[in-house]
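First residue of the sequence shown: 271, per this note's numbering; consecutive thereafter.
Since the structure comes first, as structure tokens, the remarks are kept for the end.
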Amino acid sequence: MRDELLKTRWESLQKKLSDQFADGEQMDLDAIIYMVGVQELGKPQAKFKKDDKINLMHIAICTLLEPYGFYEFDFIDEEGWPHFTNTSKLPALKAGEQTVLMKEALVSYFLKREYIV
């Protein structure tokens, strides 16, 4: 039951984001994680270098996994970038399990912000 609800919510989120930000072309998990990083940085109009894009993914992952107790927000640096502290070891997960965890974290993130219901 829980898996079906996650699947339904994930598909709804993916469609809504794809329609709004990718002209209906389906956004994958990495694209949505990247978008969360941009959102959390608060500079949606900025142009980012390759290293910045990696850092944006890191910001998103830390933000998404913070409610699970893996990361804790630490501070914002002088350039406006948030920093996190790793508070507990991430479990050893298989690729499919990692995907499920990230989808669950993304759905939770967007539910909390009332982007989806």
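The C-beta atom is built at its ideal place from N, Cα and C for all residues, glycine as well.
Burial state of residue i, where buried means 16 or more other Cβ atoms lie within 10 Å
{"i": "residue 345", "result": "exposed"}
{"i": "residue 379", "result": "buried"}
{"i": "residue 324", "result": "exposed"}
{"i": "residue 341", "result": "buried"}
{"i": "residue 365", "result": "exposed"}
{"i": "residue 330", "result": "buried"}
Cα-Cα separation between residue i and residue j, rounded to whole angstroms
{"i": "residue 291", "j": "residue 299", "result": "14 angstroms"}
{"i": "residue 373", "j": "residue 303", "result": "9 angstroms"}
{"i": "residue 337", "j": "residue 307", "result": "16 angstroms"}
{"i": "residue 309", "j": "residue 343", "result": "15 angstroms"}
{"i": "residue 276", "j": "residue 286", "result": "15 angstroms"}
{"i": "residue 368", "j": "residue 326", "result": "19 angstroms"}
{"i": "residue 282", "j": "residue 332", "result": "23 angstroms"}
{"i": "residue 382", "j": "residue 354", "result": "20 angstroms"}
{"i": "residue 339", "j": "residue 305", "result": "22 angstroms"}
Run of the beta strand (DSSP E) containing residue i, from where it starts to where it stops
{"i": "residue 346", "result": "341-346"}
{"i": "residue 380", "result": "Per DSSP, residue 380 belongs to no beta strand (DSSP E); it is in the alpha helix (DSSP H), 365-382."}
{"i": "residue 354", "result": "352-356"}
Under 8 angstroms between C-beta atoms of residue i and residue j
{"i": "residue 296", "j": "residue 284", "result": "yes"}
{"i": "residue 334", "j": "residue 375", "result": "yes"}
{"i": "residue 272", "j": "residue 377", "result": "no"}
Within-8 angstroms CB hit, residue i to chain C
{"i": "residue 333", "result": "The question asks about chain C, but that chain is absent: this structure has only one protein chain."}
Considering only residues of the segment 282-348, which uninterrupted beta strand (DSSP E) runs meet the minimum length of 3 residues and lie entirely inside it, listed in chain order? Those beta strand (DSSP E) runs which fall completely within the segment 282-348 and span 3+ residues are 341-346.
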